[in-house]
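In this note's numbering, the protein residues as written are 29 to 188. For reference, the structure discussed in these notes is given below.
Here's what the structure looks like:
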């Protein structure tokens, strides 16, 4: 897909204080984006958040990183399409969907969180994003565990 791979991070089980609740929200990927960076934002709008840095140029899509979560040289943290705006945001260490899925989750956990998950001809599971009809989660698995995932616009034009 193009995002950074990372090791599994433990999910917080207690959100009893406002501080832990906001910390949990800070690592939430979806349903509309990550923090201030939202799917569909133009490059200028996304840059104005102060949360991203350009990494790779391109004709149709450009590669960017989240400043707080830089990726290795040959990876990007998100793609911005000239036509669609922010088209894909890749998960980083500790990021989880609102349904609790993250790097290290199993296929069983994916099916529980997303009962209608599909594995199309591309060979990797894709799930509709609850609360956002325009978005999908893409998952890459190895040995039955998620090692890469992305929140994307369903009609993204940057990869696959």
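Backbone N, C-alpha and C define an ideal beta-carbon position, used for all residues, glycine too. As the structure is a prediction and not an experimental result, all values here were calculated from the model.
- One thing to note: residue 55 has its Cβ within 7 Å of the Cβ of residue 123.
- For the pair of segments examined, the segment 69-76 was found to touch the segment 105-122: the number of CB pairs separated by less than 8 Å reaches three.
- Taking all protein chains shown into account, residue 180 has 16 or more neighbouring C-beta atoms within 10 Å of its C-beta and is therefore buried.
- Unbroken alpha helix (DSSP H) runs of no fewer than 4 residues, entirely contained in the segment 119-187, are found at 135-141, following chain order.
- Between residue 108 and residue 156, the beta carbon gap of about 22 Å keeps them out of contact (Cβ cut-off 8 Å).
- When the alpha-carbon of residue 149 is set against those of 139, 188, 182, 64, the nearest one is in 188.
- In the DSSP assignment, residue 72 falls within the alpha helix (DSSP H) that extends over 71-76.
- Non-local beta-carbon contacts of residue 83 in its own chain, meaning distances under 6 Å to residues more than five positions away in sequence, involve 91, 92, 93, 104 in chain order.
- Residue 120 is not a Cβ neighbour of residue 144, given a cutoff of 7 Å.
- In the three-state reduction of the DSSP assignment, residue 56 falls in the strand class, which pools E and B.
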